[in-house]
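**Q** In this note's numbering, the protein residues as written are 614 to 1231.
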Ligand code: ADP
Ligand code: MG
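(1) Can you name, in chain order, every residue of its own chain whose Cβ lies under 7 angstroms from the Cβ of residue 888, other than the five neighbours on each side?
(2) Using the Cα positions of residue 1093 and residue 1027, report the straight-line distance between them to the nearest angstrom.
(3) If residue 566 sits next to residue 635, beta carbons under 8 angstroms apart, how far is it from one beta carbon to the other, in whole angstroms?
(4) Could you tell me if residue 697 is buried or exposed, where buried requires 16 or more neighbouring beta carbons within 10 angstroms of its beta carbon?
(5) Pick from 795, 700, 730, 778: whose alpha carbon is nearest that of residue 711?
(6) Tell me which same chain residues have a C-beta within less than 6 angstroms of the C-beta of residue 1045, skipping the five on either side of it?
(7) Which class does residue 823 belong to by DSSP, given the choice of helix, strand or coil?
(8) Under DSSP, the alpha helix (DSSP H) around residue 859 begins and ends at which residues?
(9) Can you name, in chain order, every residue of its own chain whose Cβ lies under 8 angstroms from the Cβ of residue 883, other than the five neighbours on each side?
(10) Do the segment 985 to 999 and the segment 914 to 930 touch if we need at least three Cβ pairs shorter than 8 angstroms?
(11) Short of 6 angstroms in beta carbon distance, which residues of its chain neighbour residue 1106, apart from the five on each side in sequence? Order them along the chain.
(12) Give every residue of the same chain whose Cβ lies closer than 6 angstroms to the Cβ of residue 1050, excluding the five residues on either side of it in the sequence, and list them in chain order.
(13) I'd like to confirm the pairing. Which residues does DSSP put opposite residue 668 in its beta bridges?
(14) Could you compute how far the alpha carbon of residue 1216 sits from the alpha carbon of residue 1020?
(15) Can you name the start and end residues of the beta strand (DSSP E) that residue 963 belongs to?
(16) Residue 982: buried (16+ other C-beta within 10 angstroms of its C-beta) or exposed?
(17) Can you tell me whether DSSP reads residue 705 as helix, strand or coil?
(18) Starting from residue 1189, follow the alpha helix (DSSP H) in both directions and report where the run begins and ends.
(19) Might you give, ordered along the chain, the residues of its own chain that have their beta carbon closer than 8 angstroms to the beta carbon of residue 1214, omitting 5 neighbours on each side?
(20) Buried or exposed: residue 995, going by 16 or more other Cβ atoms within 10 Å of its Cβ?
(21) Cα separation between residue 869 and residue 829?
(22) Please classify residue 809 as buried or exposed, where buried requires at least 16 other C-beta atoms within 10 Å of its C-beta.
(23) Beta-carbon distances below 5 angstroms to any heavy atom of the ligand MG define the shell here; list its residues in chain order, please.
(24) Would the C-beta of residue 957 count as close to the ligand ADP, meaning under 6 angstroms from any of its heavy atoms?
(25) Which runs of the beta strand (DSSP E) fall wholly inside the segment 896 to 961 and span at least 3 residues, in chain order?
(26) For residue 781, which of 742, 723, 1052 has the nearest alpha-carbon?
(27) According to DSSP, is residue 1112 helix, strand or coil?
(28) Rounded to the nearest angstrom, how far is the Cβ of residue 763 from that of residue 792, given a contact under 8 angstroms?
(29) With DSSP as the reference, identify every bridge partner of residue 1046, one or two as the case may be.
(30) Determine, using beta carbons only, whether residue 1202 and residue 1190 come nearer to each other than 7 angstroms.
(31) For residue 961, count neighbouring Cβ atoms within 10 angstroms of its own Cβ and tell me buried if that reaches 16, exposed if not.
(32) If you compare alpha carbons, which of 799, 747, 770, 802 is closest to residue 790?
(33) Quick one: does the C-beta of residue 888 sit closer than 6 angstroms to a heavy atom of the ligand ADP?
(34) Taking residue 646 as the reference, give the member of 665, 640, 629 with the closest Cα.
(35) Taking just the CA atoms, how far does residue 784 sit from residue 778?
(36) Return yes when the Cβ of residue 695 is within less than 7 angstroms of the Cβ of residue 671, no when it is not.
See below:
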């Protein structure tokens, strides 16, 4: 179903292949793949050497761009003009990456800490979206050369933990590169698809996807049944990967040569050179047993035994994350049917061995670990093209989504680890008589108080017809689409007044922050609970104070002076307790007021019924 169009610049007729391509936009390497004769293939460069495009962008003095291997060559000679790991900056503010600045060899700037970062090269500024778009353009050109036709549609993968801003940024980068991004897919989902897992409808299995890349580690547990992929849990470490292994070897060499780390690091070219040497050592050491080279009299030597000692800690950290993922999914290692290895760093035999030991089974490593995500993206693209009708994909949201309710409490609407796409709704009401507007503030996080969670956005439902407090019925609905982007709708059901927003948060949440938020929610559970119950008591008490004063007003004639005075006195005592922090005291005062007014309320009710019957005309 090739389309014909005309290239306006050249006036030539060009063929659009109609193919939807799959792209793995990685931190370290990116790849493009598509379905060729029913098989997913990753596209090599015209020289036929490699399917990997290093995710590196270089700008010369005239701002001409180089991407991939050509840019990687500039890391040593032009560290300030060579941008790597831009994926880490997608959807991030300067504030998010403040402590990581040393990690980047180029200049990251920001005018104010809340807005998204830019990268400064000479007098030019580039956003991470523009830089990612350069990588995507290079991939697009690569596949178009291979097909000798244009492509315009793509599926792009992202880590499962990417938040809204990061997914949007990825989508925008695609758009900027001239690609219509049909779907953003989670990397582990793509990897399992590459192994054909789930394509056979009758299989039911539980899969662990272990992804150790250049700078990140992710473990995802998937359940596949009836052609449906469901992510059970995800875990990982966003600063753990092959780069850390390189750094560990780097540190080891600095140490055995008796060098000063600060001095070496001040020389950016030299430190990049040592880093590249360390990467080389890492790749050959398992086969050769000993690596021995020099850089300017620096002895770059390491044995296999030392290498294993150095990376033991790193591998152990990944195993702890695996244990946590299993725990979150309520599974044990024995429940896992298959383990899929993803990411260049899983080529290390020691890693395979330890992970195989942990899960107690042989791991799946038949496919190139650095290609599987792109291959799976191509398969997903094929699903979208309508060629694989039986497959449906469900992913997962990593943090709970909810709104702020009275007293600053977080009310979760879509819980963490829910499948996407998903939607959920809940009804709320007003707390003040005649309230016309209602502010809806949307938060992401696991803590009981919104102050401890992250605000994604807010909006106001306007034009609620005046009604007594508690009467309006406001339905708030969260709709999380397949890309993990959230839409929030609010509707007052009695009047049909309605409003909606799509959440595009101002700046991204760093993954450490996300991990920290999860940890905080566990460590602070007890104190959160105390605060929550205090706030709940205060809310309830406030309602009772309001109800009591209404009651006094409405039943002025029925009540004796003494009853009115006593009620007022108890109400004042309750009010006083609300301004304190003693939950038990509030409850006690509430009980006292309730107890005293209950018989009065009964009497008032009887009286009101009697008078209404009396007054009725037939
Ligand atoms: P990402 O998903 O972060 O883009 P990749 O999956 O492409 O990363 O993995 C890149 C990492 O894999 C780099 O740190 C690279 O050094 C490492 N790597 C590639 N091949 C090997 C190998 N044979 N042995 C050890 N590490 C390797
Ligand atoms: Mg990867």
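Here a beta-carbon is modelled for each residue, glycine too, at the ideal position from N, C-alpha and C.
**A** The short version:
(1) Translated into positions along the chain shown, residue 888 becomes position 275. Take residue 888, set aside five residues on each side of it, and the residues of its chain with a beta-carbon closer than 7 angstroms to its own are 859, 863, in chain order.
(2) In the chain shown, counting from the first residue as 1, residue 1093 sits at position 480. In the chain shown, counting from the first residue as 1, residue 1027 sits at position 414. Approximately 9 angstroms, taken between the alpha carbons.
(3) Any answer about residue 566 is impossible in this case: the structure gives the chain only from 614 up to 1231.
(4) For the purposes of this step, residue 697 is identified with residue 84 of the chain shown, where counting begins at 1. With 16 or more other Cβ atoms within 10 Å, it is buried.
(5) To locate residue 711, count along the chain shown from 1; it is residue 98. Residue 711 has its Cα closest to that of 730, out of 795, 700, 730, 778.
(6) Indexing the chain shown from 1 puts residue 1045 at position 432. Excluding residues within five positions, the ones whose Cβ falls inside 6 angstroms are 1082.
(7) Your numbering for residue 823 matches position 210 in the chain shown. Three-state result, residue 823: strand.
(8) Taking the first residue of the chain shown as 1, we reach residue 859 at position 246. Start and end: 855 to 869.
(9) By one-based count along the chain shown, residue 883 stands at place 270. Here the set comprises 877, 908, 909.
(10) no
(11) One-based indexing of the chain shown puts residue 1106 at position 493. Result list for residue 1106: 1086, 1088, in chain order.
(12) Within the chain shown, the letter at position 437 stands for residue 1050. Here the set comprises 1073, 1075.
(13) In the chain shown, the residue the question calls residue 668 occupies position 55. DSSP output for residue 668 lists no bridge partner at all.
(14) Translated into the one-based positions of the chain shown, residue 1216 becomes position 603. Translated into the one-based positions of the chain shown, residue 1020 becomes position 407. So the alpha carbons of these two residues sit roughly 34 angstroms apart.
(15) The residue given as residue 963 occupies position 350 in the chain shown. Unbroken run through residue 963 is the alpha helix (DSSP H), 962 to 972; no beta strand (DSSP E).
(16) Along the chain shown, read from residue 1 onward, the residue named residue 982 stands at position 369. Residue 982 is buried by the Cβ-count criterion.
(17) What you label residue 705 is simply residue 92 of the chain shown in a count that begins at 1. Assigned with DSSP and collapsed to three states, residue 705 falls in coil, not helix or strand.
(18) Translated into the one-based positions of the chain shown, residue 1189 becomes position 576. First-last of the alpha helix (DSSP H) with residue 1189: 1174 to 1191.
(19) One-based indexing of the chain shown puts residue 1214 at position 601. Excluding positions up to five away in sequence, the list reads 1164.
(20) Here residue 995 refers to the residue found at position 382 when the chain shown is read from its first residue. Residue 995 comes out buried.
(21) Counted from its first residue, the chain shown places residue 869 at position 256. Counted from its first residue, the chain shown places residue 829 at position 216. C-alpha separation (whole angstroms): 28 angstroms.
(22) Numbered from its first residue, the chain shown carries residue 809 at position 196. It counts as exposed.
(23) 639, 826
(24) Taking the first residue of the chain shown as 1, we reach residue 957 at position 344. Checking every heavy atom of the ligand ADP against the Cβ of residue 957, one is found closer than 6 angstroms.
(25) Fully enclosed beta strand (DSSP E) runs of 3 or longer: 903 to 908, 911 to 916, 951 to 955.
(26) The sequence position of residue 781 within the chain shown is 168, counting from 1. Per the Cα distances, 742.
(27) Translated into the one-based positions of the chain shown, residue 1112 becomes position 499. Three-state DSSP puts residue 1112 in a strand.
(28) For the purposes of this step, residue 763 is identified with residue 150 of the chain shown, where counting begins at 1. For the purposes of this step, residue 792 is identified with residue 179 of the chain shown, where counting begins at 1. Not confirmed; about 11 angstroms, so no contact.
(29) On the chain shown, residue 1046 is found 433 positions in, with the first residue counted as 1. Partner(s): none; residue 1046 has no beta bridge.
(30) Counting from one through the chain shown, the residue named residue 1202 turns up at place 589. Counting from one through the chain shown, the residue named residue 1190 turns up at place 577. Yes, they are a contact pair.
(31) Indexing the chain shown from 1 puts residue 961 at position 348. Buried, since its Cβ has 16 or more Cβ neighbours within 10 Å.
(32) Stepping through the chain shown from its first residue, residue 790 is reached at position 177. Comparing Cα positions, the closest option is 747.
(33) By one-based count along the chain shown, residue 888 stands at place 275. Incorrect: residue 888 has no Cβ contact closer than 6 angstroms to the ligand ADP.
(34) Your numbering for residue 646 matches position 33 in the chain shown. Checking every option, the nearest Cα to that of residue 646 belongs to 665.
(35) Within the chain shown, residue 778 is the residue found at index 165, counting from 1. Within the chain shown, residue 784 is the residue found at index 171, counting from 1. Residue 778 and residue 784 have their C-alpha atoms some 10 angstroms from each other.
(36) In the chain shown, the residue the question calls residue 671 occupies position 58. In the chain shown, the residue the question calls residue 695 occupies position 82. Their beta carbons are under 7 angstroms apart, which means residue 671 touches residue 695 by this criterion.
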